[in-house]
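Visitor: Numbering (UniProt numbering), first residue to last: 28 to 789.
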Ligand code: ATP
Ligand code: MG
């Protein structure tokens, strides 16, 4: 036990070492990207354990994702030289909150096996409530209410605490009441939503100080990564747990109602102060109030969850909230090369509300950040695909390549491209193309055609679209199938010959069986792509989405088209389905060498040698919606997102923008992101797309699609970017024809874009 492995401490710089070794009292590590904050946290745990200061189960360690938690455990094992058994309290806020809630479920009127609802479940439940209240779902969509409730929960507000002004925002003042009845319904269903996992913890801690004290005593050390993105509820939860159990004052130190914001009067902070002191919590006389050994690490420049209620102020208030806190700054970036770090620092310097930090690297200058323009998003995907193959040929590992997108719909084109190229990839933080609901539905039809015994597939689509074959019918088919030991499809064929079903359901099921028989017969004479289209149309599946009014319906129809298109590469249906099952099967193979595809938001804390950043266009990035909804603050958050993206790269950062993009089925002309203007000329290189010619037309894919390129060009002044691109094409060389500096060209663009969208007001 005495083996204080200088091994794990020896690689650290003096500041990092101080952060690791200052075990007593509150510590805040405030430092930029790649400075080793996460590494400090992991080493700190190793240190605590090897010093014998706490057992694994006495350390509360909060990471931002489950993946990060697994990673941390793995690194710990490496540092300590043995696997770390049981760190039950190493995880995300949600997973730890959920775990605590299961222990005390009865105090939240739940059973310990409660279900955690996802957003779809949540919306479905709210729809029912709206119906019961006779509230028009069109005027007051359930999704909007779900968003409001989520926001309240993120701020730690119980139904009774929702400020009346905010409750009024929904259905003429019914918001608060609906929130309350939603909570009641959840209890009846033995269910909790994500927000509850922490909110119910907070409630239990407040109402049962003895329970709170148990946890305060248990957690000898608390560690929090990505502290800049904690929201009010997470903050309150941490504050409660971080009070030293023996001496906690019921009035939390530094607990003040936020500023003068009148609307916030009902905020949980105030509520917490007003909670009557529990006798057990009164400070022992004369004893000095103190807080636990809490260590938070964060970076205000990487705060990217403001839209989800994160309060970067938490980090600013740390010293105030945790008196005597030691604040440690780390300045050396160990991740990125000089050019990448300079580009990222220069970009973020355009934000105003910053603490300001020094970041330096002792790494080589490395390659410049590249910026590549493409004609459209397909060319962008093709270009990046080729670039990746090139990197692969140079010996780069796919695991060290990531594509970070602003919006998840951008992923589809990359996934298609990768499937075509046979390039292994994984999607982090969301479903892959073939796992999306509409794709699975379509595949289910094809599977039943291919194999009538595929019960899972048949059950999936028997009533999709709705054909009046509800649960009762399916149950009956199951009974039949079990009794006769036949597949569901055969049971269906038999049942329609009896009078066991009501006439309507029977007719409907008979039609379905007949349709499948017909499709199977057609299979012999029709190309499989045509057959797929026929099936989607005749089954009413396409129509179902055409009639759907939800925002993502158009995207789903697009996906279905893509699916049919992707089948062209296979000889027949059988071959295609085999391919799909292989693709699906590869999921979860974490050791596989594969390109990572994810949103910028999910990329937080991660690092890759090669990072592709596509879609740097106005409207997409920065996102128009964020700008519309949050104005300047939104713009700054988008810029931080760009900063996060760039700082994920160790050796290469490659930015792309397309001049035409198809968003939910409609093409629109775009202009390059203003963030490109904000990159420093000295660290950036403009390159040409490898996927084809964007400008000056070599008769590539783009040009044939848009015969009237001229018309496009003249509909607004030609941005400097495009001229630069055109010049280069004329000049031939990689950098030929480029005279002025990068920012000069960008400036030309800004001043000549008057007929484009107006964003001069920022
Ligand atoms: P982010 O803000 O992006 O989350 P971070 O501050 O958490 O970044 P880490 O991920 O901990 O940074 O570290 C970045 C990289 O630098 C990692 O690969 C890490 O192993 C490496 N690193 C950190 N400190 C040192 C050190 N003292 N010596 C060598 N490498 C280091
Ligand atoms: Mg980190």
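Just so it is clear, CB atoms sit at the ideal spot from N, CA and C, and this is done for glycine as well.
What would DSSP say about residue 116, mapped onto helix, strand or coil?
Guide: Locating residue 116 in the chain shown gives position 89, counting from the first residue. Correct three-state label for residue 116: coil.
Visitor: Compute the minimum distance between the beta carbon of residue 361 and the heavy atoms of the ligand ATP, and state whether it is under 7 Å.
Guide: Reading the chain shown from its first residue, position 334 is the one you call residue 361. For the ligand ATP, at least one heavy atom lies less than 7 Å from the Cβ of residue 361.
Visitor: Using only CA atoms, which one of 168, 209, 198 lies nearest to residue 187?
Guide: Counted from its first residue, the chain shown places residue 187 at position 160. Selected option, being the one with the closest Cα: 209.
Visitor: Out of 594, 539, 581, point me to the one whose CA is closest to residue 558's CA.
Guide: Position 531 of the chain shown holds residue 558. Per the Cα distances, 594.
Visitor: According to DSSP, is residue 687 helix, strand or coil?
Guide: Taking the chain shown and counting its residues from 1, one reaches residue 687 at position 660. Strand.
Visitor: Thinking C-alpha only, which one of 556, 598, 518, 494 is nearest residue 502?
Guide: Stepping through the chain shown from its first residue, residue 502 is reached at position 475. Closest by alpha carbon: 518.
Visitor: For a test of the three-state rule: what should DSSP assign to residue 100, helix, strand or coil?
Guide: Reading the chain shown from its first residue, position 73 is the one you call residue 100. Three-state DSSP puts residue 100 in a helix.
Visitor: Per the contact definition of three or more C-beta pairs closer than 8 Å, is the stretch 342 to 354 in contact with the stretch 641 to 653?
Guide: Contact fails: fewer than three Cβ-Cβ distances are below 8 Å.
Visitor: Taking the alpha helix (DSSP H) that residue 189 falls in, what are its first and last residues?
Guide: For the purposes of this step, residue 189 is taken as residue 162 along the chain shown, with counting starting at 1. Taken as a continuous stretch (DSSP letters only), residue 189 belongs to no alpha helix (DSSP H), as it is neither H nor E.
Visitor: What ranges does the alpha helix (DSSP H) occupy inside the stretch 629 to 676, keeping only unbroken runs of at least 4 residues that lie completely in it?
Guide: Runs of the alpha helix (DSSP H) inside the stretch 629 to 676: 651 to 673.
Visitor: Can you name the start and end residues of the alpha helix (DSSP H) that residue 585 belongs to?
Guide: Here residue 585 refers to the residue found at position 558 of the chain shown. That run of the alpha helix (DSSP H) goes 580 to 594.
Visitor: Nearest-angstrom Cα distance between residue 721 and residue 712?
Guide: Within the chain shown, the letter at position 694 stands for residue 721. Within the chain shown, the letter at position 685 stands for residue 712. Residue placement at residue 721 cannot be trusted, given a pLDDT of 44 that sits under 50; the coordinates are not used to answer.
Visitor: Between residue 333 and the ligand MG, is there a pair consisting of the residue's CB and a ligand heavy atom that are separated by less than 7 Å?
Guide: In the chain shown, the residue the question calls residue 333 occupies position 306. Checking the Cβ of residue 333 against the ligand MG gives no.
Visitor: Indicate, with yes or no, if the ligand MG has a heavy atom lying under 7 Å from the CB of residue 328.
Guide: Here the question's residue 328 lines up with position 301 in the chain shown. No, Cβ of residue 328 sits at least 7 Å from all heavy atoms of the ligand MG.
Visitor: Can you give the Cα-Cα distance for residue 719 and residue 410, rounded to whole angstroms?
Guide: Stepping through the chain shown from its first residue, residue 719 is reached at position 692. Stepping through the chain shown from its first residue, residue 410 is reached at position 383. The predicted model places residue 719 with a pLDDT of 49, which falls under 50 and marks its position as unreliable; any figure quoted below should be read in that light. If I take the Cα positions, the gap works out to 7 Å.
Visitor: Assuming the contact rule is C-beta atoms closer than 8 Å, residue 328 and residue 381 should be a hit. Round their C-beta distance to whole Å, please.
Guide: Counting from one through the chain shown, the residue named residue 328 turns up at place 301. Counting from one through the chain shown, the residue named residue 381 turns up at place 354. Sure, about 6 Å apart at Cβ, within 8 Å.
Visitor: Can the beta-carbon of residue 589 be found closer than 8 Å to that of residue 443?
Guide: Taking the first residue of the chain shown as 1, we reach residue 589 at position 562. Taking the first residue of the chain shown as 1, we reach residue 443 at position 416. Contact: yes.
Visitor: The alpha helix (DSSP H) that contains residue 400, what's its start and end?
Guide: As a first step, residue 400 must be located in the chain shown, where it is residue number 373. Run containing residue 400: none in the alpha helix (DSSP H); it sits in the beta strand (DSSP E), 396 to 403.
Visitor: On the premise that residue 249 lies in contact with residue 357, defined as a C-beta separation below 8 Å, what is that separation, rounded to the nearest angstrom?
Guide: Indexing the chain shown from 1 puts residue 357 at position 330. Indexing the chain shown from 1 puts residue 249 at position 222. The pair is not a contact, with the Cβ atoms about 20 Å apart (cut-off 8 Å).
Visitor: According to DSSP, residue 442 sits in a beta bridge with which residue or residues?
Guide: Looking up residue 442 in the chain shown gives position 415. According to DSSP, which records beta bridges pairwise, residue 442 is partnered with nothing at all.
Visitor: Considering only the alpha carbon of each residue, which of 685, 706, 704 lies closest to residue 715?
Guide: Looking up residue 715 in the chain shown gives position 688. Checked all of 685, 706, 704; the closest Cα to residue 715 is 685.
Visitor: Can residue 165 be considered in contact with the ligand MG, in the sense that its beta carbon sits closer than 7 Å to one or more heavy atoms?
Guide: Counting from one through the chain shown, the residue named residue 165 turns up at place 138. Not so, every heavy atom of the ligand MG lies at least 7 Å from the Cβ.
Visitor: Is DSSP giving residue 47 helix, strand or coil here?
Guide: Reading the chain shown from its first residue, position 20 is the one you call residue 47. The answer is helix: DSSP assigns residue 47 an H, G or I state.
Visitor: By Cβ distance below 8 Å, which residues in the same chain neighbour residue 338 in space, the five residues on each side in sequence not counted?
Guide: The residue labelled residue 338 in the question sits at position 311 within the chain shown. The answer, listed in chain order, is 257, 258, 259, 262.
Visitor: Do residue 119 and residue 92 have their beta-carbon atoms positioned less than 8 Å apart in this structure?
Guide: Looking up residue 92 in the chain shown gives position 65. Looking up residue 119 in the chain shown gives position 92. Going by C-beta atoms, residue 92 is nearer than 8 Å to residue 119.
Visitor: Please report the straight-line C-alpha distance between residue 400 and residue 441, rounded to a whole angstrom.
Guide: As a first step, residue 400 is located in the chain shown; it is residue number 373 there, counting from the start. As a first step, residue 441 is located in the chain shown; it is residue number 414 there, counting from the start. Each residue's Cα considered, the two are about 16 Å apart.
Visitor: Would you say residue 62 touches the ligand GTP, meaning its beta carbon is less than 7 Å from a heavy atom?
Guide: Within the structure as shown, the ligand GTP is missing, the only ligands being the ligand ATP and the ligand MG.
Visitor: Tell me residue 142's beta-bridge partners as DSSP assigns them.
Guide: Mapped onto the chain shown, residue 142 falls at position 115. Note: residue 142 sits in a beta bridge opposite 218.
Visitor: Quick check: the Cα distance between residue 449 and residue 460, rounded to an integer number of angstroms?
Guide: For this step, residue 449 is matched to residue 422 along the chain shown. For this step, residue 460 is matched to residue 433 along the chain shown. The alpha-carbon atoms of residue 449 and residue 460 are separated by roughly 15 Å.
Visitor: Determine, using beta carbons only, whether residue 321 and residue 264 come nearer to each other than 8 Å.
Guide: On the chain shown, position 294 is the one that residue 321 refers to. On the chain shown, position 237 is the one that residue 264 refers to. Not closer than 8 Å, so no.
Visitor: Might you give, ordered along the chain, the residues of its own chain that have their beta carbon closer than 8 Å to the beta carbon of residue 154, omitting 5 neighbours on each side?
Guide: Taking the chain shown and counting its residues from 1, one reaches residue 154 at position 127. Hits under 8 Å: 164, 169.
Visitor: Between which two residues does the alpha helix (DSSP H) holding residue 503 run?
Guide: The count along the chain shown starts at 1 and reaches residue 503 at position 476. Segment 498 to 511, the alpha helix (DSSP H) holding residue 503.
Visitor: Check whether the stretch 123 to 143 touches the stretch 177 to 184, counting contact only when three or more Cβ pairs, one atom from each stretch, lie closer than 8 Å.
Guide: With a cut-off of 8 Å, the stretch 177 to 184 and the stretch 123 to 143 do not count as touching, because too few Cβ pairs lie within range.
Visitor: The alpha helix (DSSP H) with residue 257 in it runs from where to where?
Guide: Numbered from 1 along the chain shown, position 230 holds the residue referred to as residue 257. Careful: residue 257 lies outside any alpha helix (DSSP H) and carries neither H nor E.
Visitor: Quick check on DSSP: helix, strand or coil for residue 452?
Guide: The sequence position of residue 452 within the chain shown is 425, counting from 1. Note: residue 452 maps to strand in three-state DSSP.
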